[in-house]
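Asks: Numbering (our numbering), first residue to last: 309 to 572.
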Ligand code: ADP
Ligand code: MG
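What follows is the structure, given as structure tokens:
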């Protein structure tokens, strides 16, 4: 049974998509079978990894849950390494929020769909849009844990209060608490402000991942090549940080388990 992890923050440009892509790639290198779901109509993840849409998109499945979408194979298994599959987004997804708002299963439909893939992977990572609309809320409803990415500056961190309240409410509504961790991205340890903000958040009761993702140009360049950081620049700080993140995350979440799925 895969653990479903939703990457969320209602702000844009805070490293959600970069984290979805590179955490997935890092987990695959540690032997896990990973599925990425691009649940953002901006399609940044789909484009960054050149995910084919010929087998359908998450929009097709959301519009008609009877529609089965076969994930696209991005990277196959090798010795000691898992698979990386992805379900792409479609532009129409952004307009879908209004349509979905009228549906009785508006919050649960995404969970119903994504649950179908649980048996085929060890981890499912969902990338969400930069808004706390129905898409992000239903992705949070569907997950076992969330990662909130943020830059370590004052205004970004102030936004965490609202976001964490929403996450708590979702947990209450579904009758199952929703654990979430904060991941600082685009950090620069030379900036005393960054250090100060990280210390403050650490001291205010949030669950903060001790790995931080440094500002690293290679992470911004990789999408242009259609690859993750490990194929683009395996020796970069970006690759090092995401590898450390995968190790920290799996050490802390023992419910992420290797299962043989028989992929070739
Ligand atoms: P979001 O999905 O939250 O909108 P992205 O992951 O798309 O954010 O990141 C926003 C921009 O910042 C992108 O151009 C991305 O390549 C870049 N970026 C993300 N993380 C880093 C990092 N650690 N170092 C340098 N650039 C980064
Ligand atoms: Mg994004």
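C-beta: ideal position from N, C-alpha, C; glycine also.
1. How big is the Cα-Cα spacing for residue 325 and residue 435?
2. What I want to know is whether the C-beta of residue 535 ends up closer than 7 Å to one or more non-hydrogen atoms of the ligand ADP.
3. Nearest CA to the CA of residue 456: which residue from 485, 492, 425 and 462?
4. Quick check on residue 412 - is its C-beta less than 8 Å from some C-beta in chain C?
5. Tell me which same chain residues have a C-beta within less than 6 Å of the C-beta of residue 367, skipping the five on either side of it?
6. Once DSSP output is grouped into helix, strand and coil, what is the label at residue 393?
7. How far does the alpha helix (DSSP H) with residue 384 in it reach, from first residue to last?
8. DSSP three-state call for residue 329: helix, strand or coil?
9. Find the nearest neighbour of residue 445 within the set 488, 475 and 429, judged by alpha-carbon distance.
10. Alpha carbon to alpha carbon, how far is residue 509 from residue 565?
11. To which residues does DSSP link residue 380 through a beta bridge?
12. Who are residue 495's beta bridge partners in DSSP?
13. Do residue 521 and residue 495 come within 8 Å of each other at the CB atom, strictly closer than that value?
14. Throw me the rounded Cβ distance for the residue 329 and residue 390 pair, which I believe falls under 8 Å.
15. Compare the Cα-Cα distances from residue 365 to each of 383, 394 and 357 and report the closest residue.
16. Anything with a beta carbon under 7 Å from a heavy atom of the ligand MG counts; list them all in chain order.
17. How far does the alpha helix (DSSP H) with residue 470 in it extend, from its first residue to its last?
18. Confirm the yes/no value for this check: CB of residue 312, any heavy atom of the ligand ADP, distance under 7 Å.
19. In whole angstroms, give me the CA-to-CA distance for residue 461 and residue 443.
20. For residue 386 and residue 331, what's the separation of their Cα atoms in angstroms?
21. Hey, is residue 359 close to the ligand ADP, as in C-beta under 7 Å from one of its heavy atoms?
22. With H, G and I counted as helix, E and B as strand and the rest as coil, what does DSSP make of residue 421?
23. If you measure between the beta carbons of residue 312 and residue 432, is that distance less than 8 Å?
24. Is the beta carbon of residue 458 closer than 8 Å to that of residue 490?
25. Residues in its own chain within less than 6 Å of residue 502 by CB, not counting five upstream and five downstream?
26. With respect to 7 Å, is the separation between the Cβ of residue 546 and the closest non-hydrogen atom of the ligand ADP below this value?
Replies: Straight from the coordinates:
1. 6 Å
2. no
3. Cα-wise, what sits closest to residue 456 is 492.
4. Going by chain labels, chain C is absent from the structure shown, which holds only one protein chain.
5. 398, 400 and 401
6. DSSP places residue 393 within a strand segment (E or B) once states are collapsed to three.
7. Run containing residue 384: none; DSSP gives neither H nor E here.
8. helix
9. 475
10. So the alpha carbons of these two residues sit roughly 30 Å apart.
11. Residue 380 is bridged to 394.
12. 522
13. yes
14. About 15 Å; that fails the 8 Å criterion.
15. 394
16. 320, 324, 325, 348, 350, 352, 353, 435 and 438
17. 462 to 482
18. For the ligand ADP, not one heavy atom lies less than 7 Å from the Cβ of residue 312.
19. 26 Å
20. 18 Å
21. no
22. helix
23. yes
24. yes
25. 460, 495 and 496
26. yes
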